[in-house]
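Below is one structure, written out as C-alpha cells; comments come after it.
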Amino acid sequence: MDATLRARWEQLRGRVDDACRAAGRSPEDVDVLPVSKTFGPEVIREAIALGLHRFGENKVQEIKDKALALGGQEADPSIDWVMIGHLQTNKAGVVARLAAEVQSLDRPKLAVALDRHLRAENRVIDVLVQVKTSDEPSKYGLDPDQLLPFLDELAGYPTMRVRGLMTLAINTDDPDTVRGCFRRLRELRDTAAEQGHDLPRLSMGMSGDFALAIAEGATEVRIGTALFGSRTYPDSYYWPERT
Ligand SMILES: *Cc1c(COP(=O)(O)O)cnc(C)c1O
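Just so we're aligned, residue 2 is where the sequence shown starts under my numbering, counting upward by one.
What follows is the structure in C-alpha cells.
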C-alpha cells in the first residue's frame, strides 16, 4: 500500500470536512469523486485498497483501457466509472457499456445516442446535466436557458435517471467570480425544483476551488491533483479552450 496516497487521501478528506464545517454543513453531505485521468491501473488499485470505488475520467479511451486492465473482458462491477469529460456521440456506445454514470450530459443529441445504446445494453444509469455557468466562450455545457426544456425531454428516457447538475467554474484566480458560477448552478437547481424536477446532486468544485463550491451547496467535489498529484498532460489536452 502506498503510504503517500493514503496520507493524501486522509489530508484531502480532512480539508473537505473542514470546508463543510466552515460552511455550516455536515461532512456526510459532501462526497469526493476521485478523478483518476492520466493515472494508470496500478494507481487505481491503490485507491481501491483505500476503500475508493468511484473514479472520474475525462476520456472514453481511458475508461476503456482501465476497465480492461482492471476487470478483463467483463468490466469489474465493483468499480464505478464516472464520465466527466466532453463526450462525442459516436463514443456513447462505450460509455453505455462501461460507465456507471455520466456527469457531462450537455445536449439533446447526446441523450438520444446514450438512450439508444443503453437500451441495447439493457442498462439504466445515473446522469447529471452539465451546465455552462460562466460567460466564458465554451463549447461544453448546456446553456442555462435550455435547462428546463432539456430536463422535460430527459424525463421521457427511462434509461437515464437524472440526479442533478454539474459545472466547471470559470478558469480565473478571482474567488468571487468562481463562487458566482457555483451559486448559479445552485440557483438553477432551485428553479428546476420549482418546476417539479428533483435534482438532489450538485457536482461542482475541483482541487483548487472545492471550498467555494461547498459553501455554495456542492454535494460532490471532483478531485484529481490534490489526491493523485500533478498530471503530466496540461489541462488544455482535456479542455481545448483552456490554454
Ligand atoms: C480533471 C478534472 C477535474 C479535477 O481537476 P483537479 O484540478 O485536478 O482536481 C474535475 N472535473 C473535471 C471535469 C476534470 O476534467
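Heads up, the beta-carbon is just placed ideally off N, CA and C, and yes, glycines get one too.
Kindly indicate which three-state DSSP category residue i falls into: helix, strand or coil?
i             : result
valine 61     : helix
threonine 244 : Reliability of the predicted coordinates at threonine 244 is poor, the pLDDT of 43 falling under 50, and the value obtained from them is presented with this limitation in mind. Residue state, collapsed to three classes: coil.
glutamate 188 : helix
glutamine 89  : coil
aspartate 30  : helix
glutamate 43  : helix
glutamine 196 : coil
aspartate 175 : coil
Looking only at C-alpha atoms, which of the options sits nearest to residue i?
i             : options                      : result
methionine 84 : Asp77, Glu102, Arg117, Val17 : Glu102
aspartate 32  : Thr226, Ile215, Arg232       : Ile215
arginine 184  : Asp146, Thr168, Gly225       : Thr168
glycine 57    : Glu221, Thr233, Thr160       : Glu221
serine 208    : Thr5, Arg7, Val163, Ser37    : Ser37
alanine 219   : Gly197, Gly165, Asp199       : Gly165
aspartate 199 : Met205, Gly206, Leu189       : Leu189
valine 179    : Leu6, Ala170, Asn123         : Ala170
arginine 202  : Val163, Glu137, Asp210       : Val163
glutamine 89  : Asp107, Arg232, Ile80        : Asp107
aspartate 174 : Asp18, Asp210, Tyr234        : Asp210
valine 61     : Asn91, Gly15, Arg46, Gln147  : Asn91
Going by DSSP, which residues form a beta bridge with residue i?
i            : result
aspartate 81 : Arg55
valine 36    : Gly57
serine 204   : Met167, Glu221
leucine 152  : In the DSSP output, where bridge partners are listed per residue, leucine 152 has none listed.
Apart from the five residues just before and just after residue i, which ones in its own chain have a Cβ nearer than 7 Å to its Cβ?
i             : result
glycine 181   : none
histidine 87  : Ser105, Tyr141
asparagine 59 : Lys38, Ile85, Gly86, Tyr239
glycine 94    : His118
Should residue i and residue j be called a contact, given that it needs their Cβ atoms to be closer than 8 Å?
i                 : j             : result
tryptophan 10     : leucine 228   : yes
leucine 99        : lysine 65     : yes
phenylalanine 151 : valine 130    : yes
valine 132        : threonine 160 : no
leucine 149       : glutamine 196 : yes
threonine 134     : leucine 213   : no
Skipping 5 residues on each side, what residues in its chain have a beta carbon closer than 8 Å to that of residue i?
i            : result
cysteine 21  : Ser27, Pro28, Asp30, Val31, Ile215
leucine 53   : Trp10, Pro35
aspartate 77 : Ala68, Leu71
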